[in-house]
DNA sequence: TCGATTTTGGAAAACGTTATTAAAAAACGA
DNA sequence: TCGTTTTTTAATAACGTTTTCCAAAATCGA
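Residue numbers (this note's numbering), protein chains in the order written: chain A, 55 to 390; chain B, 55 to 390.
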């Protein structure tokens, strides 16, 4: 492996000079500059990022912590993060925490040891939040929350999200406009803020339209496929008729559709259903899913952009960016 | 940040001694050992992995290169890799190459500069293969191919895959057993080996059962949702009746189902369809998809295991592991 | 032309580990 | 008791950059 010192010797300059030239912080003559660059190229020089990171205290690595990369929302988010990172010469360490505080802690520990320059969190457990975030902040770690942001908003940590309550409100209101009055809701795990917010949007929409909020219409899910399936069975077994379902994410909506079909209910003739997220698949399932389309890729990209700005400027990013989603009407809903 | 030298001072020993104790390579008295460990704990010592990596030339990072993390196969694979890595104190850099040789090259370049300890490739373009792999091998980079392995098998690089030809054969034969004789095939991109192999399996099954192989029944896809959709339209527009489709992955099967429905064809009454991969969604779509279930997570895990063994032993891993898949019969297929 | 200023480049320390070599201390054998 | 072996620990040099500070050379102004 050719090192800076090898270039320096061949070009008859000092290693420091070569370093400055390669980094673009050199102020000397363009004659030496060209000569050094030429030699570097000839020798096929590749900087050793480990050495560079150690000295400069910049690892040029950011981490993305997701609860579960196999949930289709997160690969999309991840692409946004990765693209923005790569374009800025950063690499991304992927940490799929499985919603487990122990794994989360383990990941954060190794990220600190690696001196990663920043961390993007989507979803973090309360434990981790209380125990780790303050220390990370004290250590000047740059951080951004995306999608599943914690409720505390007095911290110097940027947040990128959609207005979950508003968008859920829109989705529910859309069903109401279609004439539905008995609308069930399959929520996300209610220990997460986004699940609460979406539920709240559903509630508000009912209330604003003078519809009763009935506990029997609400079932808690997990944001995963099978929980939508199970939720529908619970709802149907309660024997209280409903004509529409608002599922708080697409995956659960898909599970719900499956369960409805199993019970010989037609969609949208018997039951209308609205999802949330707008994952690519939502357009391709049968029937195609009316859903709240989030700008997932854009959220990832924006989060990474804020993080990198923070890293480069040395100032903790603390913007709060709210992106717009929209209800995309497809085949799974029908006027009552 | 507390350093080894801080511990050394407090414990009245040399930094070297502390280093050895912390790494477990210490042979001295257990009295000093206990004392040093105690002090390290008291001070809340966290090793600086950048320094450690620089000196030891082991970054404790592996990279996973995937064509497209948003295709559901890859998050599942990624989980396997990540779990195995984490349990061995390795982190994973995710590289979603988008099948673009330029991005691939850019990623590989930065991975080399970072001195990552190993790379897991699923899918790599021919360009990259020819240009980069020999140099990586010369630099003793440990590598494993998984899922989409290149055809060259004389290289000291381990491979983890299923027998794509055999599994495709099984899928096709299953349709034949059901009485289907006119079976269309939506292939993957034929510049990839796995797509070729699956097509070959389809062909062999037809041949072995004395059925003609008809070019009009074969359409090339891209492994993505929309290509399954388009392929079905092409097939139907050819106006040559068929009763079954073998789609070379689940995503294309889902796209295909969508297109069939749009044309008012019922599944499985009018057309039977078999997919490939066994992504979790395949069970939940309507109708649930008969498909070749691959042990995706296990493939990722195995690949990572081989890689880590190679890294730890210093010997290039060169095993060739073939895992078993199985045809899972669900609702999308029916006796003719 | 000579002092002041700017431009250009070098010297050397530092980042925090690990690895190698060798010395000091302890234990041992006769 | 004294040399020999074994155990325990220290000293020191890396790993390959970046950074800070300073000197030499060149340019400039009057």
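The beta carbon of each residue, even a glycine, is placed where N, CA and C say it ideally should be.
Quantities reported herein were computed from a predicted structural model and do not represent experimental measurements.
Quick check on the burial criterion: 16 or more other C-beta atoms within 10 angstroms. Buried or exposed for residue i?
i	result
residue 234 (chain A)	buried
residue 104 (chain A)	buried
residue 376 (chain B)	exposed
residue 244 (chain B)	exposed
residue 336 (chain B)	buried
residue 267 (chain B)	exposed
residue 304 (chain B)	buried
residue 196 (chain B)	buried
residue 291 (chain B)	exposed
residue 177 (chain B)	buried
residue 312 (chain A)	buried
residue 221 (chain B)	buried
residue 215 (chain B)	buried
residue 84 (chain B)	exposed
Taking the beta strand (DSSP E) that residue i falls in, what are its first and last residues?
i	result
residue 228 (chain A)	Run containing residue 228 (chain A): none in the beta strand (DSSP E); it sits in the alpha helix (DSSP H), 218-231.
residue 326 (chain A)	326-331
residue 264 (chain A)	Where residue 264 (chain A) is concerned, there is no enclosing beta strand (DSSP E), given that its DSSP letter is neither H nor E.
residue 118 (chain A)	115-120
residue 370 (chain B)	Here residue 370 (chain B) belongs to no beta strand (DSSP E), and DSSP marks it neither H nor E.
residue 196 (chain B)	196-200
residue 398 (chain B)	It is not possible to answer for residue 398 (chain B), since the shown part of chain B is limited to 55 through 390.
residue 323 (chain A)	Per DSSP, residue 323 (chain A) belongs to no beta strand (DSSP E) and is neither H nor E.
residue 380 (chain A)	380-382
residue 148 (chain B)	145-150
residue 276 (chain A)	Looking at the DSSP string, residue 276 (chain A) is not in any beta strand (DSSP E), and its letter there is neither H nor E.
Do you know how far the Cα of residue j is from the Cα of residue i?
i	j	result
residue 302 (chain A)	residue 340 (chain A)	18 Å
residue 295 (chain B)	residue 236 (chain B)	7 Å
residue 276 (chain B)	residue 261 (chain A)	47 Å
residue 121 (chain A)	residue 132 (chain B)	13 Å
residue 365 (chain A)	residue 141 (chain B)	29 Å
residue 344 (chain B)	residue 238 (chain B)	15 Å
residue 280 (chain A)	residue 297 (chain B)	31 Å
residue 390 (chain B)	residue 232 (chain B)	6 Å
residue 357 (chain A)	residue 208 (chain A)	18 Å
residue 90 (chain B)	residue 350 (chain B)	44 Å
residue 347 (chain A)	residue 287 (chain B)	27 Å
residue 136 (chain B)	residue 185 (chain B)	28 Å
residue 128 (chain B)	residue 225 (chain A)	31 Å
residue 359 (chain B)	residue 374 (chain B)	13 Å
residue 270 (chain A)	residue 318 (chain A)	21 Å
residue 362 (chain B)	residue 114 (chain B)	10 Å
residue 299 (chain B)	residue 124 (chain A)	27 Å
residue 71 (chain A)	residue 107 (chain A)	18 Å
residue 282 (chain A)	residue 65 (chain B)	58 Å
residue 130 (chain A)	residue 58 (chain A)	39 Å
Measure from the alpha carbon of residue i to the alpha carbon of each residue in the options, then state which is nearest.
i	options	result
residue 437 (chain B)	B:349, B:307, B:288	Nothing can be reported for residue 437 (chain B): it is not among the residues displayed for chain B, which extend from 55 to 390.
residue 320 (chain B)	B:212, B:200, B:388	B:388
residue 247 (chain A)	A:204, A:272, A:279	A:204
residue 55 (chain B)	B:175, B:99, B:71	B:99
residue 117 (chain B)	B:282, B:95, B:82, B:172	B:172
residue 256 (chain A)	A:160, A:273, A:227	A:227
residue 146 (chain A)	A:354, A:241, A:181	A:354
residue 326 (chain A)	A:384, A:338, A:272	A:384
residue 324 (chain A)	A:332, A:314, A:330, A:333	A:314
residue 379 (chain B)	B:289, B:329, B:217, B:293	B:217
residue 179 (chain A)	A:158, A:60, A:332	A:158
residue 264 (chain A)	A:230, A:316, A:219, A:202	A:230
residue 285 (chain A)	A:249, A:242, A:252, A:322	A:242
residue 109 (chain B)	B:73, B:381, B:155	B:73
Output the boundary residues of the alpha helix (DSSP H) element that contains residue i.
i	result
residue 180 (chain A)	180-192
residue 61 (chain B)	58-65
residue 281 (chain B)	279-291
residue 342 (chain B)	Note, residue 342 (chain B): premise wrong, no alpha helix (DSSP H); not H, not E.
residue 86 (chain A)	84-97
residue 172 (chain B)	Residue 172 (chain B) -> not in any alpha helix (DSSP H); beta strand (DSSP E) instead, spanning 172-175.
residue 71 (chain B)	69-77
residue 311 (chain B)	304-316
(request) Report yes or no: do three or more beta-carbon pairs, one from the stretch 178-196 of chain A and one from the stretch 353-371 of chain A, lie closer than 8 Å? (result) These segments touch.
(message) Quick test of the definition: if touching needs 3 or more C-beta pairs under 8 Å, does the stretch 152-170 of chain B touch the stretch 100-116 of chain A?
(response) Touching, yes.
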